[in-house]
Amino acid sequence: MSDRPLTVGLPAGSVTVSTVWERPGGAWATIAVAHGAGAGYRHPFLEGLARSLVDAGIATLRFNFPYVEAGRRMPGPAAHAIETWGAVFAWLDDAAAPGPVWAAGKSYGGRMASMAAAAGTIAPAGLVYLGYPLHPPGDPSKARTAHLPDIAQRQVFIEGTNDPFIDPHDQLEAAVAACRDATLRWVDGGGHSFEVKGRKRPADEVGAGIASIVVEAMRAG
1 MSDRPLTVGL PAGSVTVSTV WERPGGAWAT IAVAHGAGAG YRHPFLEGLA RSLVDAGIAT
61 LRFNFPYVEA GRRMPGPAAH AIETWGAVFA WLDDAAAPGP VWAAGKSYGG RMASMAAAAG
121 TIAPAGLVYL GYPLHPPGDP SKARTAHLPD IAQRQVFIEG TNDPFIDPHD QLEAAVAACR
181 DATLRWVDGG GHSFEVKGRK RPADEVGAGI ASIVVEAMRA G
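In structure tokens:
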């Protein structure tokens, strides 16, 4: 494991964000994992997920978006996050990351990866969305789906059946069907962070439990 800073060029100047890079011996693939809107790269969910991915032979890079690195709670402009994703893939290229190289993100982080791919800023082997925030809870009229059909790469949506960000489910299913190459994997009873009501588990354990779905998707991709 190593902490290697990542430089992101923004309109106001370059900034440096924190990363954690883990490359197991004999790694057969790489995945970059972005955090959700309200948590940084060291969130226990992501740590548990990354630990299990590394155990499965996947090199894993976690990183902060600039607004989190600066100590702010609210995300900055989407363009800043897209630029960060571009810097992440340039960093992985310089590190000779074992391929194929995938992009993944929890909620906001996954949506920003999708926007970066749709814009051509990154060209991953595939994308994994860990709770894609289809719309604000209770407001399905504000769907964040227009760019998804523009993505050429495979998209894997991992969603909890009790997630308020994807209710009603048929709206998500229609969005997935409109993509060029996409699959939807359900986590029964899972909320937006894959927590299951009545089954209390630490966040790192929940993240570790999702890893097997990610590994399966990457092997199939």
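The opening position of the sequence shown corresponds to residue 1 in this note's numbering, with each subsequent residue numbered one higher. By construction, the Cβ of each residue, glycine as well, lies at the ideal position given by its N, Cα and C atoms. All of these numbers come straight from a predicted model, not from anything done at the bench.
### Query
Given a threshold of 16 other Cβ atoms within 10 Å of its Cβ, counted over all protein chains shown, does Pro133 qualify as buried or as exposed?
Under this definition Pro133 is a buried residue.
### Query
Under a three-way DSSP split, which group does Leu134 fall into?
Annotated three-state conformation of Leu134 is coil, per DSSP.
### Query
Which residues mark the beginning and the end of the beta strand (DSSP E) in which Trp186 is found?
Per DSSP, Trp186 belongs to the beta strand (DSSP E) from Ala182 to Val187.
### Candidates Ser14, Gly209 and Lys106: closest to Gly36 by CA position
Closest option to Gly36, Cα to Cα, is Lys106.
### For Trp21 and Ala59, the rounded distance between their alpha carbons
Distance between Ala59 and Trp21, taken at the CA atoms: about 8 Å.
#### Entry: Where Gly9 falls: helix, strand or coil (DSSP)
In the structure shown, Gly9 sits in a strand (DSSP, three-state: E or B).
### Query
With contact counted as at least three CB pairs below 8 Å, one residue from each stretch, are the segment 151–163 and the segment 119–133 in contact?
The segment 151–163 vs the segment 119–133: in contact.
### Message
Bridge partners for Thr30 per DSSP, in chain order?
### Response
For Thr30, DSSP records a beta bridge to Ala59 and Val101.
### Query
With contact counted as at least three CB pairs below 8 Å, one residue from each stretch, are the segment 82–100 and the segment 172–179 in contact?
By the criterion of at least three beta-carbon pairs nearer than 8 Å, the segment 82–100 is not in contact with the segment 172–179.
#### Entry: Exposed unless 16 or more other CB atoms sit within 10 angstroms - verdict on Ala177
Exposed, since its Cβ has fewer than 16 Cβ neighbours within 10 Å.
### Query
When you compare each of Pro140, Trp186 and Asp181 to Asn162 by their alpha carbons, which one comes out closest?
Answer by Cα proximity: Trp186.
### Task
Tell me whether the beta-carbon of Ser52 lies closer than 8 Å to the beta-carbon of Ala208.
With contacts defined as CB atoms closer than 8 Å, Ser52 and Ala208 qualify as a contacting pair.
### Proximity of Gly57 and Pro66 at Cβ, strictly below 8 Å
No, they are not a contact pair.
### Query
Taking Asp167 as the reference, which of Asp150, Ser14, Pro136 and Arg73 has the closest Cα?
Closest by alpha carbon: Pro136.
### Query
For Arg4, is the classification buried or exposed, using 16 other Cβ atoms within 10 angstroms of its Cβ as the cut-off for buried?
Under the 10 Å beta carbon count, Arg4 is surrounded by fewer than 16 other beta carbons and is classified as exposed.
### Message
Using DSSP's beta-bridge definition, name the partner residues of Gly190.
### Response
According to DSSP, Gly190 bridges with Val196.
### Message
Within 8 Å, do at least three Cβ pairs link the segment 21–31 to the segment 190–200?
### Response
Touching, no, given that fewer than three Cβ pairs across the two stretches are closer than 8 Å.
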